[in-house]
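Visitor: Quick one: the structure is below, and I'll ask about it shortly.
In the working numbering, the protein residues as written are 25 to 656.
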């Protein structure tokens, strides 16, 4: 066979093989992008053989891949030359003559090769040949040739019919390309993985564990090309299932005893339908049909040759405690309570199946209604500022799966637009199950109500010190506020003798720590101590209306302490009323009002008669007598 370079560019393609039944897998370098390759055989560039990052070779030919993705790649080349080991034509000529114009030297990575058309023999051992040409002292590495031969063709590439090709299921640790010698046997049951439909012995068939349950494809039972792989898993040149690795530990689920790495093994989670932490079926130790699936997991028919054990719909057939569409053996939080299964291992012994905090028969990791905290329902408290702050309430037994870790805090929150405030007490609790809760109690602290202190004092009494009336809770060093004009204080002393009869309001405000105290003193000045009898009053005997400031007006004197009002009537000698006032203001100087007998501005000189009644004392005898009026 003579091979010349094709005149085209494509991305770097590396070669690796795990030969099983004389088959090879070509693997592209960028396995992060699994679906943007195009594999070709050089004799037919119009047919795309596959689009995955790998391609399984079962026929002789020259293979390469181009990359259509967006992830990193480079424009290097490599060709894979596969021959039939039994074909006399398995001699391969590596022809690089079209690429060596004016070449000074040619160097091959194999020192036994020389020239531009060396001949090599394809064997079952993978060989890679690279030529470096030097022109004008500038070396150039040409695309590589990878050469291998296949000993037999069209062999069974999926011996156990689980959809996972033998190349994945046997590691070929002995390097002889034969899975029958030193085969991989993950569960050590004596049945090699490539013949075992339950390679990890967890009772979940490999065909099921290799696939996403939501997109599960059951075997079709059809193998049109007789390569041993069910046609359901052979599409567009892509051969076999790419097994899922749920926990990303590098071990596919079908050979992983704990697919979700939640410390509960798959042989429990795949078979615990009553959520008691124990598989509903038991390992029997027998395998009647020899397919690698233990009879304990086979169901009623133990010799059924059924590669998926009738699990045609894993999403509904496998336990899914929280009903989220993810079976428990792949669900890190089986009960959907927001606490991952490993965190519900209360005794930290590595086995969540024996932790049942509420003793209801369901372990915590399968019990979304497991032991939680119970609100103690603290009562809020209202106090008056200055009263003792209530002691911190004992939390008591609030449940949880273990005695809780408690963090207590207390903060003061002011009330907008007020001097009132709240004391907010918070208990933050958590337990080893991951339960958390916050319990609160509010103490409403109200400021003191405005106090009123009534003080009655006689106008002739001695001054009083208002601080003597101040409640004990008040700070005596604050200040007074006077609301009424004419009110006087000498420091904190109120002197009634400088005030008239009446009520006087004086405010006092005090602040002590966070408490505000306000009091209004209502000081009532009365005349109870004064002599307010009728005989104490003195009435003018004469009025000389000459504006000399002496006796110009008719006056009722000695009324300052009594604050009486008077009804005054004045008559002439003929008994005619010449003046009257219901609220006399000591302002008559001999004038004659319009209703008097005399209409002149002033009355004539002469003797007149007066009658004075006290409005506030109707039972008192009126004052009466004669008054002389001189208007000259």
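Backbone N, C-alpha and C define an ideal beta-carbon position, used for all residues, glycine too.
So for residue 655, helix, strand or coil by DSSP?
Guide: If DSSP states are grouped into helix, strand and coil, residue 655 belongs with coil.
Visitor: Is there contact here, the segment 262-271 with the segment 219-228, by at least three beta-carbon pairs under 8 Å?
Guide: The segment 262-271 is not in contact with the segment 219-228.
Visitor: Do you know how far the Cα of residue 249 is from the Cα of residue 136?
Guide: Going by the C-alpha atoms only, they are around 41 Å apart.
Visitor: Whole beta strand (DSSP E) runs in the segment 484-529 with 3 or more residues, listed along the chain?
Guide: You should have 504-506.
Visitor: Near residue 431, which residues of its chain fall below 6 Å by C-beta distance, leaving aside the five closest residues on each side in sequence?
Guide: Same-chain partners within the cutoff: 452.
Visitor: Using the rule of at least 16 other Cβ atoms within 10 Å of the residue's Cβ for burial, across every protein chain shown, is residue 598 buried or exposed?
Guide: The residue is exposed, with fewer than 16 neighbouring Cβ atoms inside 10 Å.
Visitor: Are the Cβ atoms of residue 419 and residue 301 separated by less than 8 Å?
Guide: Cβ distance not < 8 Å, so residue 419 and residue 301 don't count as in contact.
Visitor: According to DSSP, is residue 400 helix, strand or coil?
Guide: Residue state, collapsed to three classes: coil.
Visitor: Report back the beta-carbon spacing between residue 395 and residue 387 to the nearest angstrom; my notes put them in contact at under 8 Å.
Guide: Between residue 387 and residue 395 the Cβ distance is about 12 Å, and since that is not below 8 Å, they are no contact.
Visitor: Assuming residue 305 is part of the alpha helix (DSSP H), what are its boundary residues?
Guide: Run containing residue 305: none; DSSP gives neither H nor E here.
Visitor: I need the boundaries of the beta strand (DSSP E) containing residue 162, first residue and last residue.
Guide: Note, residue 162: beta strand (DSSP E), 162-165.
Visitor: So who's on the other strand from residue 63, going by DSSP bridges?
Guide: Residue 63 is bridged to 74, 89.
Visitor: CA-CA distance, residue 559 and residue 587?
Guide: Between residue 559 and residue 587, the C-alpha separation is close to 15 Å.
Visitor: Candidates 205, 256, 154: which alpha carbon is nearest residue 240's?
Guide: Ranking the options by Cα distance to residue 240, first place goes to 256.
Visitor: Pick from 332, 345, 167: whose alpha carbon is nearest that of residue 297?
Guide: Ranking the options by Cα distance to residue 297, first place goes to 345.
Visitor: What are the partner residues of residue 413, as DSSP defines its beta bridges?
Guide: Its beta-bridge partners do not exist; DSSP assigns none.
Visitor: What does residue 157 pair with, by DSSP beta-bridge criteria?
Guide: Per DSSP, 130, 164.
Visitor: Quick one: measure Cβ to Cβ for residue 117 and residue 155, integer angstroms, because I've assumed they're closer than 8 Å.
Guide: Actually they are not in contact, since the Cβ atoms of residue 117 and residue 155 sit about 13 Å apart, beyond 8 Å.
Visitor: Please classify residue 514 as buried or exposed, where buried requires at least 16 other C-beta atoms within 10 Å of its C-beta.
Guide: Residue 514 should be labelled exposed.
Visitor: Compare the beta carbon distance of residue 304 and residue 353 with 8 Å and say whether it is the shorter of the two.
Guide: No, they are not a contact pair.
Visitor: Do you know offhand how far residue 71's Cα is from residue 321's?
Guide: Going by the C-alpha atoms only, they are around 44 Å apart.
Visitor: Identify, in the order they occur along the chain, each residue of the same chain with its Cβ nearer than 8 Å to the Cβ of residue 474, setting aside the five sequence neighbours on each side.
Guide: Within the same chain, residue 474 has close Cβ partners 542, 543, 544.
Visitor: Compare the Cα-Cα distances from residue 192 to each of 556, 80, 368, 638 and report the closest residue.
Guide: That would be 80, whose Cα lies nearest to the Cα of residue 192.
Visitor: Note down, in chain order, each residue of its chain lying with its Cβ closer than 8 Å to the Cβ of residue 422, except the 5 sequence neighbours on either side.
Guide: Excluding sequence neighbours, residue 422 sits near 397, 398, 399, 400, 428, 453, 461, 463.
Visitor: Three-state secondary structure (DSSP) at residue 641?
Guide: Residue 641: coil per DSSP, three-state reduction.
Visitor: Using the DSSP secondary-structure output, state which residues sit across from residue 445 in a beta bridge.
Guide: BP columns for residue 445 point to 438, 469.
Visitor: Could you pull the DSSP bridge partners for residue 539 from this structure?
Guide: Residue 539 is bridged to 536.
Visitor: Out of 627, 606, 608, which has the shortest C-alpha to C-alpha gap to residue 614?
Guide: Checking every option, the nearest Cα to that of residue 614 belongs to 627.
Visitor: Report yes if the C-beta distance between residue 286 and residue 338 is below 8 Å; otherwise report no.
Guide: The answer is no: Cβ separation not under 8 Å.
Visitor: Say whether the segment 488-507 touches the segment 531-539, bearing in mind that this needs 3 or more beta-carbon pairs closer than 8 Å, one atom from each stretch.
Guide: Touching, yes, given that three or more Cβ pairs across the two stretches are closer than 8 Å.
Visitor: If you follow the beta strand (DSSP E) that residue 567 is in, where does it begin and where does it stop?
Guide: Note, residue 567: beta strand (DSSP E), 566-568.
Visitor: Please say whether residue 583 and residue 606 have beta carbons closer to each other than 8 Å?
Guide: No, these two residues do not count as a Cβ contact at 8 Å.
Visitor: In this structure, how does DSSP classify residue 479 when only helix, strand and coil are distinguished?
Guide: Strand, per DSSP.
Visitor: Would you report the Cα separation of residue 649 and residue 635, rounded to the nearest angstrom?
Guide: Rounded to the nearest angstrom, the two C-alpha atoms are 7 Å apart.
Visitor: Distance check for residue 206 and residue 357, CA to CA, integer angstroms please.
Guide: Their Cα atoms are separated by approximately 39 Å.
Visitor: Helix, strand or coil for residue 607, going by three-state DSSP, please let me know.
Guide: Correct three-state label for residue 607: coil.
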